[in-house]
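Scroll down for the structure; my scribbles are underneath it.
In my numbering, the protein residues as written are 6 to 234.
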């Protein structure tokens, strides 16, 4: 799946340059121009990484970072802060608030992209690697193949995307709405019941005979992919 980067930057020229270069690298990019807009965009779009300017209108970047870290859905989302402040005390403050890395302006675009790749590899390896393993289940994104305990599993495109996404967060419970946004996209209208249908198909393909079901249904909450199965 295409990693989603939320760029929070009020300097229009830099925001455009970041969007252009990130999209060239294969990321899907959303731009927010102030801290308030960033918090709304993060809630609606479930970013895989946030590129966050320190100095922002309405809500400061450091406060946006703090609020994102306070949300269960964004507690583990990588945050890279951009700022013109180079003092050590400010860098420490940003990291203590929950930022994963800190890049001082002006910066070389290629260095920033390398730092983003490094953060993604460290914190979200499921998005940085072409192969993932979760318990008995393995996914090869290049070959578009899924195996469970060595047995090949045949999935349709939607079931593949569902499994790919859930394997990035083993054990985490996703609501139907969150899965719809991540797999179908927030700009596509699909009924929540559709998720149940595709989860059923995914289960049928993954589970043969006496194999334990790795997908856990949480009543009134959603679904999770458990690591022990």
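A virtual CB, placed ideally from N, CA and C, is assigned to each residue, including glycine.
Chain C within 8 Å of residue i, Cβ atoms only
i: residue 18; result: Looking at the structure shown, chain C is missing, and only one protein chain is on hand.
Buried/exposed call for residue i, threshold 16 Cβ in 10 Å
i: residue 88; result: buried
i: residue 113; result: exposed
i: residue 9; result: buried
i: residue 106; result: buried
i: residue 42; result: buried
i: residue 21; result: exposed
i: residue 194; result: exposed
i: residue 18; result: exposed
i: residue 215; result: exposed
i: residue 213; result: exposed
Anticipated Cβ contact below 8 Å, residue i with residue j, distance rounded
i: residue 66; j: residue 40; result: 7 Å
i: residue 15; j: residue 48; result: Contact flag wrong, Cβ pair sits at about 19 Å.
i: residue 172; j: residue 125; result: With a Cβ gap of about 15 Å, residue 172 and residue 125 do not count as contacting.
i: residue 148; j: residue 170; result: That pair is no contact at about 18 Å.
i: residue 109; j: residue 120; result: Going by Cβ atoms, the distance from residue 109 to residue 120 rounds to 11 Å, so no, they are not a contact pair.
i: residue 57; j: residue 84; result: 6 Å
Residues bridged to residue i [DSSP beta-bridge criterion]
i: residue 136; result: 145
i: residue 201; result: Answer by DSSP bridge pairing: none, since residue 201 is not bridged.
i: residue 236; result: Outside the shown range of the chain (6 to 234) lies residue 236, about which nothing can therefore be said.
i: residue 35; result: 11
i: residue 18; result: Note: residue 18 sits in no beta bridge, so no partner.
Residue from the options whose Cα sits closest to the Cα of residue i
i: residue 116; options: 208, 26, 226; result: 26
i: residue 150; options: 12, 70, 211; result: 211
i: residue 201; options: 124, 73, 79, 226; result: 226
i: residue 217; options: 182, 126, 181, 140; result: 140
i: residue 198; options: 172, 97, 185; result: 185
i: residue 45; options: 21, 12, 33; result: 12
i: residue 181; options: 203, 169, 123; result: 203
i: residue 7; options: 77, 30, 75; result: 30
i: residue 128; options: 189, 183, 80, 97; result: 80
i: residue 190; options: 70, 205, 167, 206; result: 167
i: residue 101; options: 78, 77, 70, 122; result: 70
i: residue 68; options: 78, 77, 86; result: 86
i: residue 161; options: 205, 123, 72; result: 205
i: residue 253; options: 82, 207, 214, 76; result: Any question about residue 253 goes unanswered here, given that the chain covers just 6 to 234.
i: residue 77; options: 213, 183, 34, 99; result: 183
i: residue 32; options: 97, 122, 99; result: 122
i: residue 164; options: 220, 135, 28; result: 220
message = Three Cβ pairs or more, each shorter than 8 Å: is that satisfied between the segment 155-172 and the segment 59-68?
response = No: fewer than three Cβ pairs fall under 8 Å.
ask   = Using 8 Å as the Cβ pair cut-off and three pairs as the minimum, do the segment 144-153 and the segment 46-57 touch?
value = Result no; under three Cβ-Cβ pairs closer than 8 Å.
message = Check whether the segment 173-190 and the segment 223-230 are in contact - that is, three or more C-beta pairs closer than 8 Å.
response = With a cut-off of 8 Å, the segment 223-230 and the segment 173-190 count as touching, because enough Cβ pairs lie within range.
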